[in-house]
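Taken in sequence, the protein lines are chains G and E.
Once you know that position 215 of the first sequence is 240 in the numbering used here, the rest is easy, because the numbers rise by one and skip nothing.
Once you know that position 109 of the second sequence is 683 in the numbering used here, the rest is easy, because the numbers rise by one and skip nothing.
Quick reminder that beta carbons are idealized off the backbone N, C-alpha and C, glycines included.
This one's a predicted model, so the numbers in the text were calculated from it and none came from an experiment.
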Amino acid sequence: MTITQIPDQPESPTNRPPSMHRFRTWLRRPYARHILIWTVVIGFLLLPLAWLMVAAMNQTGAPASKIMEEIEQTVFVFTVVSIPITAFVFAVLLYSLIGWKQVSGDEPPMQESPAIRTNRIGVILWTFASSLLAFFLVVWGLIELAQITANSYGTISADQQPGDNNSVIVNVTGQQWVWTFAYPQHDGIVANVLYLPVDKPVYFNITSKDVIHNFWLVELGVKIDANPGAITQTGVTPNKEGVFNLRCAELCGMHHAYMETEIRVVSQEAFNTWTREMGGMRTS
Amino acid sequence: MSVIHSVEVPQPTQHGAAGGIMRRLNFGTGLAGGIGLAAILGIITSQFVPTGASSPITFAPIEGDLVYLAVLLGWVIGFMAGMGAFVGPIRWVLGREQTHEDAEYMAGKDMGKGRYWRYTTDHKVVGIQYFIVTLIVFGFGGLLAMLIRTELGVTWSEVFSPSFYNAIIGTHGIAMVIAMIIVISGPIGNFIVPIMIGARDMAYPRLNALSLWLLVAAVPCLISSLFLGGMRDGWSAYQPLIAQAPSGVLGYQMTIIVFAISTGIASVNLMTTILTMRCKGMTWSRTPILVYGIFAASLMGLYAFPFYQYSQILSLTDRIFNTSFFNPLEGGSVWLYENLFWLLGHPEVYVILIPSMAIMMELIPVFMRKPLFSYNFAVAGIVGVVALSGLVWAHHMYMTGWAPAANYPFMLSTEMISIPVGFLVLVVIGTLWRGTAWTRLPLMAVYAVIFNKMIGGVTGVYLSDVPADQYFHGGMFVVAHFHYMLMGAGFFGAMGGIAFYFPKMTGRILDERLGSIGLWTTFIGFQFTFGSMFVAGLQGQPRRVLQFDEQFNISNWISTIGAYVIGIGVLIFLAAIVFSWKSGVVASGNPWGSKSLEWQTPTPVPLNNFAVLPVVTERPYEYGVPDPLDAELEPAPEEQLESAGTR
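Dropping the structure here:
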């Protein structure tokens, strides 16, 4: 048995260049360089979408609550985050179609393309990047959802909702095809237009008399089903005075399209005046 | 007598001419049987139900319901009997089992065009039949889409009554869902997949015919429902609104019940074929990706459709027998229905999308003359989507108040799906990377699919997120998103697949010019229609409305104009199909220079597909030459070793 003596010396040199050098060599290829340029250009062209989308959402006066602000922030961030990846795919798509080699004709082309079966670095990078992105989306979503749940006062059941002067309770009933709002704190006055005082927490107890409706306060960012045989809870604090839209967002029969009404977010004084006019004795 | 290993195997004896009673049965007898039995059952039912009988719950007159149900049942059973669906079991009971000659007759041997009108078991005939049925269902749904857009474009008045409008949106939805589910798995899955895996036919040829003719039986149920008031609750047919619908809803429910049986049979058949009948040498790593896609779609369909079927059966008994599964007044739950429905609903979109992705991955290597980039990743992506598809259904119920705490895990699982779908996108763009594009019609369709799929995928991320969904749920944004996925990816993928396999299926090449004009017209119209629908959704337009505030007018006008452009484009594409089929350029066996098995058979494909069963010796997609640019970088050490070894 012989023992080979391994000489104590630095590792023998390989002809593998350092990774930065490989990257630079790769970048010198026209294809890689062009696609990166196209990605940046397309990315910047798509960037205005982030503002345009929010602008479209704000057309009728949103955001009128913290919830809606958070929703718009989410839409904005998601747009910005998804632009690089969309731009990259579009760049590859367009460049491989109109920027690189192209043949037409009836016969299959003889000119064969490089047989790239896989690319370990590319695959690892892509997996890592897409997982990171998905992770970011999930974390962002979970945090925002927790905040929105907090801002909409979760699902506090009717007997635990504070009945004090610092909040308003509204019992919402959907029926084909009208919304009814009852204010139990104000001697049970009933209205078909949703009056809310500004900057005060509102608790909604929502149910339906017949079929499923969806209670959507558009500019306030509140949306929840009104189910027959069940009460769903949510809430909001409107932080902007104005007239906003309330629509039904679940097909509920013939006149579903017309099942909409106004939300009037008014000052506390105006709200008190309104409740007195409606016959409620107690002011809050 | 057959002789296997010197043992004589007794064969059933032939009675009379091959085929027996099947010689006399065809589509005509099917129609006669269906209409006859429907009439008989309808008349009997109307005699037995007292006039003016009403439901004890809703006080609605029930006679119409029962008669219509009897007519539907009579139609389905009579039609299937008239087609000869029950002949096999009856012969088995009588002890006259099918002989080899019978089987050959039923496969349509030497029969000519008549075999397309019969209960033919040959998978190639079934594939063509599926294609025709898909076109009919698609045309029906498309017509309704035009009506919907007309109503929404005419913002100054109501074109249709609200009830009829609600009926057409629901019927459009379910017709298109059915059409999109079968558009790839039906024609291409039946015609191409068995040849692609080197089999002589499907595993269960008679079940294949059964699944097709059940589908045919379901179509009149769907169309007739529209004339009896329709189902007025969107294609989701939520309880308890559906309880208010007129009798037409029974047509929808019968359609779903029959269609689910048809899909289940077809799924089992395709899965068994793929699992057991791949030819020698076709290991899992040598199986083309389309086969994986069809297998995945079948698996998900097999899992998902029973939920839909149960939900509709329970809904039907709620209506007919006053059970109260979903009636909250009697202790039922509307959330139970929603859960059952979406347990179907979400796997179902992947049943549509995965085949279209797989078709794309099948086409790109051929037209780029490159191997599929990272084949393993493509398979992993498909497996990942299938695994997650059953765990995400409740993201359709974020805003129902069913279980607010469940929104957290469902948001997690839904956003996880972007990872395997991302794998598929990587495979696609990796295969496009540095390929020489042979710009034929199928490749153009692929480009259209990827473009639409990116938009649909990114907007899907907003909807998977609960906070953003709180604004978008139930709005036009959702409508635009799923049309980008189902039509933008599914339908354009089907266009590419049909254009690609057209030479093999019909023996003629799809007219390139007319087809391209159709494709791009549809594409441009599509971007206008559904792009502006995103805007309407962002502005806050709810879906399924027929009138809306003035602020939504402009986006709806653009949308309607785009929809008419789509209509024209689809008609042009249809014209390309019809003209090419009748008088197109006759195709050679392998016009695309593809290397997969289905192109190695002659065109038209002989009854047995292969004279000698093939043996696969290499991976699919072995196109291309060694990368010349690799010389620029240093050759990797292991490659040096390999090249040294070969020398």
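**OP:** Would you tell me roughly how many angstroms separate the C-alpha atoms of Met750/E and Val623/E, rounded to the nearest one?
**Re:** Going by the C-alpha atoms only, they are around 35 Å apart.
Subject >> Nearest neighbour of Gly130/G, chosen from Ala1011/E, Pro1180/E and Phe1051/E [CA to CA] >> reply: Ala1011/E
Subject >> chain E residues whose Cβ lies nearer than 8 Å to that of Asn252/G >> reply: Per Cβ cutoff of 8 Å: Pro902, Val908, Trp909, Thr974 and Gly975.
Original post:
Does the beta carbon of Gln200/G sit closer than 7 Å to a beta carbon anywhere in chain E?
Top reply: no
Subject >> Through-space distance from Thr259/G to Phe1224/E, alpha-carbon basis >> reply: The structure shown has nothing for residue 1224/E, since chain E only spans 575 to 1221.
Subject >> CB contact below 7 Å: His1047/E versus chain G >> reply: yes
Original post:
Taking Leu709/E as the reference, which of Arg692/E, Trp1166/E and Val757/E has the closest Cα?
Top reply: Val757/E
Subject >> Test: Thr143/G CB closer than 7 Å to a CB of chain E >> reply: Taking Cβ atoms only, chain E reaches closer than 7 Å to Thr143/G, which makes this a yes.
Original post:
Roughly how far, in whole angstroms, is the beta-carbon of Thr99/G from the beta-carbon of Pro1041/E, given that I think they are within contact range, below 8 Å?
Top reply: Between the beta-carbon of Thr99/G and that of Pro1041/E there is about 5 Å, and that keeps the pair under the 8 Å contact cut.
**OP:** Would you verify that the beta carbon of Ala183/G is, or is not, closer than 7 Å to some beta carbon of chain E?
**Re:** no
**OP:** Compare the C-beta of Met186/G with all C-beta atoms of chain E and state if any pair is closer than 7 Å.
**Re:** One point to set straight first is that residue 186/G is Gln, not Met, in the sequence displayed. Not closer than 7 Å to any Cβ of chain E, the Cβ of Gln186/G fails to qualify, so no.
**OP:** Show which residues of chain E have a CB atom less than 7 Å away from the CB atom of Tyr56/G.
**Re:** Arg1008
Original post:
Can you list, in chain order, the residues of its chain whose CB lies under 8 Å from that of Ile595/E, leaving out five sequence neighbours each side?
Top reply: Gly658 and Val661, listed in sequence order.
Subject >> Per-residue contacts from Tyr877/E into chain G (C-beta, under 8 Å) >> reply: Near Tyr877/E there are no residues of chain G at all, since even the closest Cβ is about 24 Å away, more than 8 Å.
Subject >> Pro820/E, enclosing alpha helix (DSSP H) - first and last residue >> reply: Pro820/E -> no alpha helix (DSSP H), and no H or E assigned at all.
Original post:
In chain E, which residues lie less than 8 Å from Met45/G when you measure between Cβ atoms?
Top reply: Ordered by position in chain E, no residue passes the 8 Å Cβ test against Met45/G, which lies about 13 Å from the chain.
Subject >> Neighbour-count burial assignment, Trp1007/E, 16 or more Cβ in a 10 Å radius >> reply: buried
**OP:** Following the continuous alpha helix (DSSP H) through Ile141/G, name the residue where it begins and the one where it ends.
**Re:** Where Ile141/G is concerned, there is no enclosing alpha helix (DSSP H), given that its DSSP letter is neither H nor E.
**OP:** Just mark Ser1217/E as buried or exposed, buried being the case when its beta carbon has 16 or more other beta carbons within 10 Å.
**Re:** Note on Ser1217/E: pLDDT 46, under 50, position unreliable in the model; the coordinate value appears next. Exposed, because fewer than 16 other Cβ atoms sit within 10 Å of the Cβ of Ser1217/E.
Original post:
Roughly how many angstroms separate the alpha carbons of Met135/G and Ser992/E, rounded to a whole number?
Top reply: Their backbone Cα atoms lie some 37 Å apart in a straight line.
Original post:
Between the region 1181–1188 of chain E and the region 1082–1096 of chain E, are three or more C-beta pairs nearer than 8 Å?
Top reply: By the Cβ rule, the region 1181–1188 of chain E does not count as touching the region 1082–1096 of chain E, because fewer than three pairs are nearer than 8 Å.
**OP:** Could you confirm whether any beta carbon from chain G is found closer than 7 Å to the beta carbon of Gln585/E?
**Re:** Residue-level contact by beta carbon fails for Gln585/E and chain G, as no gap is shorter than 7 Å.
Original post:
Listed in chain order, which residues of the region 980–1012 of chain E have Cβ atoms closer than 8 Å to some Cβ of chain G?
Top reply: Per Cβ criterion, the list reads Asn981, Tyr982, Met985, Leu986, Glu989, Met990, Ser992, Ile993, Gly996, Phe997, Val999, Leu1000, Ile1003, Gly1004, Leu1006, Trp1007, Arg1008, Gly1009, Thr1010, Ala1011 and Trp1012.
**OP:** Out of Pro1016/E, Leu849/E, Phe1122/E and Tyr1021/E, point me to the one whose CA is closest to Gly1071/E's CA.
**Re:** Pro1016/E
Original post:
For Phe1025/E, which residues in chain G fall below 8 Å Cβ to Cβ?
Top reply: Chain G residues near Phe1025/E: Phe115 and Leu118.
**OP:** Report back the beta-carbon spacing between Ile173/G and Gln1115/E to the nearest angstrom; my notes put them in contact at under 8 Å.
**Re:** Not confirmed; about 22 Å, so no contact.
Original post:
Is the distance from the Cβ of His969/E to the Cβ of Phe984/E below 7 Å?
Top reply: yes
**OP:** With a 10 Å radius around its C-beta and 16 neighbouring C-beta atoms as the bar for buried, classify Glu671/E as buried or exposed.
**Re:** exposed
Subject >> Integer-rounded CB distance, given that Val1190/E should sit under 8 Å from Gly772/E >> reply: That belief holds up - the Cβ atoms of Gly772/E and Val1190/E are roughly 7 Å apart, short of 8 Å.
**OP:** Within 10 angstroms of the Cβ of Gly213/G, are there 16 or more other Cβ atoms? Answer buried if so, exposed if not.
**Re:** exposed
Original post:
Does Glu1213/E have its Cβ less than 7 Å from a Cβ in chain G?
Top reply: Only weak support is given to the placement of Glu1213/E: the predicted model assigns it a pLDDT of 48, under 50, and the question is left unresolved by the model.
Original post:
Does Met942/E come within less than 7 Å of chain G when only Cβ atoms are used?
Top reply: yes
Subject >> DSSP-derived helix/strand/coil call for His238/G >> reply: strand
**OP:** Take the Cβ of Val66/G as the centre, count every other Cβ of all protein chains shown within 10 Å, and call the residue buried at 16 or more, exposed below.
**Re:** exposed
Subject >> DSSP-derived helix/strand/coil call for Arg1221/E >> reply: Low confidence applies to Arg1221/E: its pLDDT is 36, below 50, so where it sits in the model is not reliable enough to give any reading.
Original post:
Just curious, the alpha helix (DSSP H) that Phe801/E is in, first and last residue?
Top reply: Pro779 to Phe801
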